[in-house]
Amino acid sequence: MSIQSAPKVLLLDGDYDHTLAVARELNQQLSALILGVSSSKNSHLSRSRHTHKSLLAPTATDPSYGSKVLAQIEEHLPDVVLPVGYHSTAAMVQLREHLPPSVQLVAPAAEQFSLAVDKIATYEQARLAGIRSPIDYTSVVNLAASAGDLPYPLVAKARHERGGSTISVLQDASDFLAFTASQEDYEYLYQEYIDASEETHAFSGFFLNGDPVVGIAHEEKRSVPRKGGSGTRVRSSFDEEVTSNAIRLMRSLNWSGIAQVEFKRDSRGELVLMEINPKVWASYALASRAGAHVVSAAVAHAIGAHRSEPKYRGIEMVFPLREGYYVSKHDEENVLAAIWSMLWPPARPDLELMDLRAYLPKRK
Numbered sequence: 044m045s046i047q048s049a050p051k052v053l054l055l056d057g058d059y060d061h062t063l064a065v066a067r068e069l070n071q072q073l074s075a076l077i078l079g080v081s082s083s084k085n086s087h088l089s090r091s092r093h094t095h096k097s098l099l100a101p102t103a104t105d106p107s108y109g110s111k112v113l114a115q116i117e118e119h120l121p122d123v124v125l126p127v128g129y130h131s132t133a134a135m136v137q138l139r140e141h142l143p144p145s146v147q148l149v150a151p152a153a154e155q156f157s158l159a160v161d162k163i164a165t166y167e168q169a170r171l172a173g174i175r176s177p178i179d180y181t182s183v184v185n186l187a188a189s190a191g192d193l194p195y196p197l198v199a200k201a202r203h204e205r206g207g208s209t210i211s212v213l214q215d216a217s218d219f220l221a222f223t224a225s226q227e228d229y230e231y232l233y234q235e236y237i238d239a240s241e242e243t244h245a246f247s248g249f250f251l252n253g254d255p256v257v258g259i260a261h262e263e264k265r266s267v268p269r270k271g272g273s274g275t276r277v278r279s280s281f282d283e284e285v286t287s288n289a290i291r292l293m294r295s296l297n298w299s300g301i302a303q304v305e306f307k308r309d310s311r312g313e314l315v316l317m318e319i320n321p322k323v324w325a326s327y328a329l330a331s332r333a334g335a336h337v338v339s340a341a342v343a344h345a346i347g348a349h350r351s352e353p354k355y356r357g358i359e360m361v362f363p364l365r366e367g368y369y370v371s372k373h374d375e376e377n378v379l380a381a382i383w384s385m386l387w388p389p390a391r392p393d394l395e396l397m398d399l400r401a402y403l404p405k406r407k
């Protein structure tokens, strides 16, 4: 790879801890100058040694977020804008045509993004690609069937991605009635519960026209929340079935950009698609540490540079601060079990000693 000068990257979502892995990698792989955008001077990215300049903007759910970030872009004229979270990615996808001509955005096209965040559209695309998705009972629910007639357990999930965990497991009719009585004003899908294993399987990468420029398969062994959350024990894998199914789906979409394709296995061992995550995923540190420099490849492509990516190596990681923060907020959690899960079997922790203060929970 040859880059004439260090790229200037406006890195969004500095409030998220996994943005630190992105900043570290861009710094090390591309010598990038990081303009870190956060909602607070005490955010993770604002405290990181990899951030060259800290900028402030509202949280990505604030109605003024897009205009504030656009103002930062026009003032600082970065080479690349890189959103990390769902809401910032959604905002930047909408603002793409308003960016200065010299500024490149690392995000999927609006049509691709819209399909990925709509689970009905995602599952239909999977069906066309010959990939199994969960059996859906939403039409039965919508026909006002008796709660007692539904095939429990069921999974209730928001049809449209909205950031964070949107999954509830309904074990029986009482769970169903309580959930439907309390749910927010969102459209939910009611689907088969894939319960053969708690593990989630994924292939993640940077794709161009459906083909991975660089990617990595991994297994998520533990997460917070425990169902459909962010990984706290994750290991790289070389699962050819996961990889081939993910690539087949992304080729059917002609996908260009960063994404993660998630699966679970049913009781017969068959892969079942869970979702397309059209952004940088929460356990990105695993890919970066394993040598799958997905973000660097995406940024290098955006600025017209070329990289030769080595194959990634096997690695297992734990995220002890993420696990600990979750356990401290949930009385039902077993503290000793959580500690043991982070210690055994031995795995590399998501920490950088030289940047330790940035990893500690954000101060108010």
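Read left to right, the sequence shown gives residues 44 to 407 (this note's numbering). The beta-carbon is built from N, C-alpha and C at its ideal position, and this holds for glycine as well.
Rounded Cβ spacing between residue i and residue j (contact assumed at less than 8 angstroms)
i	j	result
Met293	Glu305	In fact, because the Cβ distance is near 13 angstroms, the residues do not count as touching under 8 angstroms.
Leu158	Thr165	6 angstroms
Ser81	Leu88	5 angstroms
Lys51	Pro126	The pair is not a contact, with the Cβ atoms about 16 angstroms apart (cut-off 8 angstroms).
Ala150	Val160	No, Ala150 and Val160 are not in contact; Cβ-Cβ is about 12 angstroms, not under 8 angstroms.
Val198	Gln234	5 angstroms
Leu76	His95	5 angstroms
Gly79	Gly109	Incorrect: roughly 18 angstroms between the Cβ atoms, too far for contact.
Residue i classed as buried or exposed, judged by whether at least 16 other C-beta atoms fall within 10 angstroms
i	result
Ile178	exposed
Gln226	exposed
Asp374	exposed
Met44	Any reading at Met44 must be qualified, since the residue scores a pLDDT of 39, below 50, and its modelled position is unreliable; no value is offered.
His244	buried
Thr65	In the sequence as displayed, the identity of residue 65 is Val instead of Thr. That one is buried.
Tyr59	buried
Lys84	exposed
Tyr229	exposed
Lys162	buried
Arg311	exposed
Glu68	buried
Glu352	buried
Lys200	buried
Ala381	buried
Lys354	exposed
Gln71	exposed
Ala100	buried
Ser182	exposed
Arg356	exposed
Which residues DSSP lists as bridging residue i, in chain order
i	result
Leu78	Leu53, Lys96
Arg303	Going by the sequence as given, residue 303 is Gln instead of Arg. According to DSSP, which records beta bridges pairwise, Gln303 is partnered with Ser247, Asn320.
His344	None, per the DSSP bridge assignment.
Ile259	Ser247
Val315	Lys307
Met360	Val277, Arg391
Arg265	Arg276
Residue i beta carbon near the ligand ZN (any heavy atom closer than 7 angstroms)
i	result
Ala100	Summarising the ligand content, the structure contains no ligands, and the ligand ZN is consequently not present.
Distance CB(residue i)-CB(residue j) smaller than 8 angstroms
i	j	result
Asn252	Asn320	no
Val124	Leu148	yes
Leu55	Ala401	no
Val315	Ile237	yes
His261	Leu213	no
Arg332	Ile174	no
Leu73	Val378	no
Ile301	Phe249	yes
Asp398	Arg205	no
Leu98	Gln115	yes
Arg202	Tyr180	no
Ala103	Ala152	no
Gln303	Ser247	yes
Leu53	His119	yes
Ala190	Ala216	yes
| query | Okay, do the segment 252-262 and the segment 332-340 touch, 3+ Cβ pairs below 8 angstroms being the bar? | reply | yes
| query | Three or more beta-carbon pairs under 8 angstroms between the segment 194-203 and the segment 132-144, yes or no? | reply | no
| field | the segment 283-293 in contact with the segment 321-332 per 3-pair CB rule at 8 angstroms | value | no
| Is it true that the segment 266-279 meets the segment 374-393, where meeting means three or more beta-carbon pairs spaced less than 8 angstroms apart? | yes
| query | Does the segment 365-383 come within contact of the segment 262-269, defined as at least 3 CB pairs closer than 8 angstroms? | reply | yes
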